[in-house]
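Participant: Protein sequences appear in the order of chains A and B.
The first sequence: position 41 = 41 (the numbering used here), numbered continuously.
The second sequence: position 61 = 258 (the numbering used here), numbered continuously.
Protein chains: 2
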Amino acid sequence: MSIGRPLSFDPEQALDRVSEVFRQRGFEATSLQALLAASGLSKSSLYQQYGNKQRLFEQCLEHYGERIENEMRRGLEQAASGRDFIAAVLEQVISEAAPPGGCLIFNTASDLGQLDARVARRVNRFFVRFRAVLITALEQDQANGLLPEPVAARDLANVIMASIGGLRLLSKGGMQQAELRRSCALILTLLERPAHR
Amino acid sequence: MSIGRPLSFDPEQALDRVSEVFRQRGFEATSLQALLAASGLSKSSLYQQYGNKQRLFEQCLEHYGERIENEMRRGLEQAASGRDFIAAVLEQVISEAAPPGGCLIFNTASDLGQLDARVARRVNRFFVRFRAVLITALEQDQANGLLPEPVAARDLANVIMASIGGLRLLSKGGMQQAELRRSCALILTLLERPAHR
DNA sequence: TGACTTTAGGACCGTTCGGTCCTAAAGTCA
DNA sequence: TGACTTTAGGACCGAACGGTCCTAAAGTCA
Numbered sequence: 001m002s003i004g005r006p007l008s009f010d011p012e013q014a015l016d017r018v019s020e021v022f023r024q025r026g027f028e029a030t031s032l033q034a035l036l037a038a039s040g041l042s043k044s045s046l047y048q049q050y051g052n053k054q055r056l057f058e059q060c061l062e063h064y065g066e067r068i069e070n071e072m073r074r075g076l077e078q079a080a081s082g083r084d085f086i087a088a089v090l091e092q093v094i095s096e097a098a099p100p101g102g103c104l105i106f107n108t109a110s111d112l113g114q115l116d117a118r119v120a121r122r123v124n125r126f127f128v129r130f131r132a133v134l135i136t137a138l139e140q141d142q143a144n145g146l147l148p149e150p151v152a153a154r155d156l157a158n159v160i161m162a163s164i165g166g167l168r169l170l171s172k173g174g175m176q177q178a179e180l181r182r183s184c185a186l187i188l189t190l191l192e193r194p195a196h197r
Numbered sequence: 198m199s200i201g202r203p204l205s206f207d208p209e210q211a212l213d214r215v216s217e218v219f220r221q222r223g224f225e226a227t228s229l230q231a232l233l234a235a236s237g238l239s240k241s242s243l244y245q246q247y248g249n250k251q252r253l254f255e256q257c258l259e260h261y262g263e264r265i266e267n268e269m270r271r272g273l274e275q276a277a278s279g280r281d282f283i284a285a286v287l288e289q290v291i292s293e294a295a296p297p298g299g300c301l302i303f304n305t306a307s308d309l310g311q312l313d314a315r316v317a318r319r320v321n322r323f324f325v326r327f328r329a330v331l332i333t334a335l336e337q338d339q340a341n342g343l344l345p346e347p348v349a350a351r352d353l354a355n356v357i358m359a360s361i362g363g364l365r366l367l368s369k370g371g372m373q374q375a376e377l378r379r380s381c382a383l384i385l386t387l388l389e390r391p392a393h394r
């Protein structure tokens with residue numbers, strides 16, 4: 001299809017590797033050197049392919065976010081119930097040790113101050129998409145009578161989203177996993193019994 | 198008390214102003230220039246007083262954290278109940294518009310990757326201290342029969358802590374305040390009725 | 001006055017930043 | 001072969017980074 005020498009690397013794989021560094025260190029704290037080392041590319045190739053640091057970051061966000069969304073959808077398909085899926089997500093958040101990283105999308109939401117509006121819009125779009133998966137999970141349980149219907153699935157999904165982000169923060173801050181697990185169980189009681197009246 | 202020319206600025210006030218910049222932009226993204234501009238000090242004075250950027254940041258954390266803790270304690274004293282206090286805290290989180298900032302301590306927890314262990318310990322200590330105020334609020338309600346005792350106050354406090362951090366993230370990510378308020382109400386139902394059995 | 005200290009300001013430091021440009025080699029196609 | 005494109009590598013850029021040091025003025029005390 002294309003003439004000339006072909007690419008000697010997989011652009012998406014390089015994006016994955018770079019995303020990993022951004023995820024661990026954030027945008028500002030990640031130097032160009034670190035990006036080159038992580039991607040294995042030369043400066044020429046990286047700029048040719050992705051533009052500049054900012055645009056590279058945006059492409060990372062996009063690729064990473066879609067991967068996460070897909071993983072969530074797959075996880076939901078394989079789960080016995082929406083509640084099981086959500087419990088698994090929260091458990092994963094807690095069990096991932098504190099130091100390295102967290103989720104690139106959530107991290108970026110926290111960083112947003114210094115980044116531009118385009119990035120903010122991207123983050124918001126992914127928040128909505130992640131939440132959509134959670135809503136699907138909840139509505140599925142409602143349809144199966146596992147969850148009382150009067151509770152708005154979207155509001156509940158926001159609680160789960162907040163819990164994911166919040167538990168991650170506490171985990172990063174060095175809170176004990178055992179405690180967080182018990183708190184997690186408390187949160188999940190919201191999925192078991194009517195939340196009002 | 199001291200000989201020589203006296204300080205021409207209030208060290209704590211300068212710390213407050215500097216904290217504000219760190220809070221909005223984070224450690225890495227905040228330049229020395231920005232710190233000088235915010236504090237109104239000359240480079241000489243700032244280095245003389247606070248050491249270097251990293252140590253300045255740590256002193257900001259300390260001062261900021263203590264201020265927040267005091268504000269929380271005062272808020273609890275004036276509230277009609279522990280639950281009222283917690284509801285007010287969550288409402289404040291949501292109503293503070295997205296763009297500028299959040300809480301320096303929570304932000305730093307998110308940033309922790311690039312910062313050293315001393316900072317991590319400081320963040321954790323404040324998490325514990327903030328949570329202690331929440332625990333006090335919850336135990337107070339339990340003693341007054343407003344909250345069922347079988348629920349461990351500490352676990353519930355972790356849920357609130359996570360909610361604070363998580364709601365802030367969602368808010369930064371541009372989620373609608375009205376929705377977050379409804380989610381907030383859901384979370385608060387955990388304080389109204391027995392969480393298990 | 002003299003001892004002391006802080007002040008603002010700027011010179012200066014080496015390093016790193018993100019980013020551009022160029023070159024020569026190498027791979028792929030018609 | 002010739003056309004085309006990517007490759008790695010390095011030279012180079014101006015700017016900003018955090019940080020140190022020095023000076024001359026100014027304020028406070030005994």
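The beta carbon of each residue, even a glycine, is placed where N, CA and C say it ideally should be.
1) Just to make sure I have the definition right: I need the residues of chain B whose C-beta is within less than 7 Å of the C-beta of leucine 186 (chain A). Which are they?
2) Can you check whether the CB of leucine 367 (chain B) is closer than 9 Å to the CB of alanine 153 (chain A)?
3) Please determine if the segment 126-145 of chain A and the segment 341-358 of chain B are in contact, where contact requires at least 3 C-beta pairs separated by less than 8 Å.
4) Within the same chain, show all residues whose beta-carbon is closer than 7 Å to that of isoleucine 17 (chain A), passing over the 5 residues directly before and after it, in chain order.
5) Can you give me the Cβ contacts of valine 325 (chain B) inside the same chain, cut-off strictly under 6 Å, excluding the 5 residues immediately before and after it?
6) Could you tell me the distance, in whole angstroms, from the CA atom of phenylalanine 219 (chain B) to the CA atom of leucine 90 (chain A)?
7) List in chain order: all unbroken beta strand (DSSP E) runs of 3+ residues lying wholly within the segment 128-162 of chain A.
8) Whole angstroms are fine: how far does the CA of glutamine 13 (chain A) sit from the CA of serine 360 (chain B)?
9) May I ask which residues mark the beginning and end of the alpha helix (DSSP H) holding isoleucine 265 (chain B)?
10) By Cβ distance, which residues of its chain are closer than 7 Å to leucine 335 (chain B), with the 5 residues on each side in sequence left out?
11) Below 9 Å between beta carbons: does that hold for serine 239 (chain B) and leucine 232 (chain B)?
12) Pull out every residue of the segment 126-154 of chain A whose Cβ sits closer than 9 Å to any Cβ of chain B, in chain order.
13) With a threshold of 9 Å between beta-carbons, can valine 89 (chain A) be considered close to chain B, or not?
14) Is the beta carbon of arginine 122 (chain A) closer than 9 Å to that of arginine 46 (chain A)?
15) In three-state terms, what does DSSP make of leucine 204 (chain B)?
16) Buried or exposed, going by whether 16 or more other CB atoms sit within 10 Å of the CB of glutamine 230 (chain B)?
17) Under three-state DSSP, which class holds alanine 392 (chain B)?
18) Would a C-beta distance cut-off of 9 Å place alanine 88 (chain A) and glycine 75 (chain A) closer than the cut-off?
19) Is it buried or exposed for leucine 223 (chain A), if we count other Cβ within 10 angstroms and need 16 for buried?
20) Which class does serine 300 (chain B) belong to by DSSP, given the choice of helix, strand or coil?
21) Hey, quick one: how far does the alpha helix (DSSP H) through threonine 386 (chain B) stretch, first residue to last?
22) Using a C-beta to C-beta distance shorter than 7 Å, which residues of chain B count as neighbours of lysine 53 (chain A)?
Facilitator: The answer reads as follows:
1) Asp352, Leu353, Val356, Leu387 and Ala392
2) no
3) Short answer: they don't touch.
4) Note that residue 17 (chain A) is arginine in the sequence shown, not isoleucine. Hits under 7 Å: Ala38 and Ser39.
5) none
6) 30 Å
7) none
8) 35 Å
9) 250-275
10) Gly279, Leu344, Ala350, Leu353 and Ala354
11) no
12) Within the segment 126-154 of chain A, the residues whose Cβ lies closer than 9 Å to some Cβ of chain B are Phe126, Phe127, Val128, Arg131, Val151, Ala152 and Arg154, listed in chain order.
13) no
14) The amino acid at residue 46 (chain A) is misidentified as arginine; the sequence shows leucine. The answer is no: Cβ separation not under 9 Å.
15) coil
16) exposed
17) Unreliable positioning characterises alanine 392 (chain B) in this predicted model, as indicated by a pLDDT of 47, which lies under 50. The coordinate reading is nonetheless provided below. In this structure, alanine 392 (chain B) counts as coil in the three-state DSSP scheme.
18) Yes, these two residues count as a Cβ contact at 9 Å.
19) With chain A covering only 1 through 197, there is no way to say anything about residue 223 (chain A).
20) Here residue 300 (chain B) is cysteine; the residue named in the question, serine, does not match the sequence. Note: cysteine 300 (chain B) maps to coil in three-state DSSP.
21) 374-386 is the extent of the alpha helix (DSSP H) around threonine 386 (chain B).
22) Within chain B, no residue comes near lysine 53 (chain A); the closest Cβ sits about 13 Å away, beyond 7 Å.
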